[in-house]
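Q: So the sequence shown is residues 18 to 298, counted in this note's numbering.
Encoded as structure tokens, here's the structure I'll be asking about.
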Amino acid sequence: MIDLHTHTNKSDGTDSPRELVNKAIVQGLTVLGITDHDTTSSWQEATDSLRGNLTLALGSEISCLTEDGMSVHMLGLLFDGEHKQMQVMLEETRDGRLPRMRKMVEKMQAAGIDISMADVEAARPDGATLGRPHLADALVNKGVITSREEAFQGMLNNDSEFYVSHAAPTPAQAIAMIRSAGGVAVIAHPFASHRGQILKASDFQDLVRAGLNGIEVDHRDQNPEERAMLRSIATELDLVITGSSDYHGSGKVNLLAEFQTSPGQWEKLESLADKRRVVRA
Ligand code: AMP
Ligand code: ZN
Ligand code: FE
Ligand code: FE
């Protein structure tokens, strides 16, 4: 069982890296990708917790913005965590998430909602990349709403009046950085249409030119037609096809390994990194 896209409490998941690794071992996964938003801060604890037959594919889900302002998520896997420019890029994005959150909170306050930055900070685990799910948790704690799910169906949705984007690299810039750090780039849930605007089929060629290695096809936010379309794009462009859970602990309904990547596709993806970078016990 290979699941290449999961989150811990170093971003907006709820399990610690140790808990996530333990769950993966108990469930019998063979490869676990850990991809916290815009950070590699889960890598050390995950590595220290590793035992048995589990292999780790460490990475990050990099927030991107296209030139016309569309949000895209790029999975970087198997890159060098010490790569200076990569770390600068990730840090700049994390820094940009703070003023963005302030703006969202201000918009809510202007609409008469009882919420403050202190409430959001109280809901964010130590050292976690700040995100909308922490604002959702703060709103739940305040009794404004009852769940993250409710938040994302309404006031925290990309189409909501309260939504604000944050500074981020373009998808091509993120891909180039991942590749120059020796890793592989897989675009996450590119046709997840319920989140808002999605890529056009023709956009993938540009990303391949930038160095894209794979497409996340099997993901709960893409319906069967969307998956079929992505599968044919991936086949046409000779890209690796992945499937993954996007597990967030109790922060989302997604179950660990609910979608998986085939061993053959994983082998192909791993071979595209500049060297053998998987972590084994
Ligand atoms: P942000 O990175 O701050 O823009 O927040 C986006 C994050 O919110 C994504 O990583 C998603 O995992 C999370 N998210 C999106 N929809 C939902 C949902 N329905 N329930 C819980 N979390 C969600
Ligand atoms: Zn997330
Ligand atoms: Fe994502
Ligand atoms: Fe994710």
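Note that CB positions come from ideal geometry on N, CA and C, so glycine has one too.
I need the residues with a C-beta less than 5 angstroms from some heavy atom of ligand 3; please give them in chain order.
A: Selection output, chain order preserved: His90 and Ala205.
Q: Should Asp32 be counted as a contact of ligand 2 given a C-beta to heavy atom distance under 7 angstroms?
A: For Asp32, the distance from the CB to the nearest heavy atom of ligand 2 is not below 7 angstroms.
Q: Determine which residues share a DSSP beta bridge with Val296 and list them.
A: Leu73, per the DSSP bridge assignment.
Q: Pick out every residue whose C-beta is nearer than 5 angstroms to a heavy atom of ligand 4: which are they, in chain order?
A: Answer in sequence order: Glu78 and Asp263.
Q: How many whole angstroms separate the CB atoms of Pro188 and Met103, which I take to be in contact at a CB cut-off of 8 angstroms?
A: With a Cβ gap of about 15 angstroms, Pro188 and Met103 do not count as contacting.
Q: Quick one: grab the DSSP three-state call for Ile192.
A: helix
Q: Less than 8 angstroms between the CB atoms is what I'm expecting for Ala184 and Gly113, so what's the real figure, rounded?
A: Sure, about 4 angstroms apart at Cβ, within 8 angstroms.
Q: Tell me which residue opens and which closes the beta strand (DSSP E) that Asp235 is part of.
A: Gly231 to Asp235
Q: For Asp136, which three-state DSSP category applies?
A: helix
Q: Output the residue ranges of the alpha helix (DSSP H) runs that lie fully inside the region 84-157 and measure 4 residues or longer, sorted by chain position.
A: 101-127 and 134-140
Q: Using CA atoms only, rank isn't needed, just tell me which of Gln61, Phe208, Thr146 and Gly160 is closest to Ser88.
A: Checked all of Gln61, Phe208, Thr146 and Gly160; the closest Cα to Ser88 is Phe208.
Q: May I ask you to report which of helix, strand or coil DSSP gives Ile42?
A: Reduced to three states, the DSSP call for Ile42 is helix.
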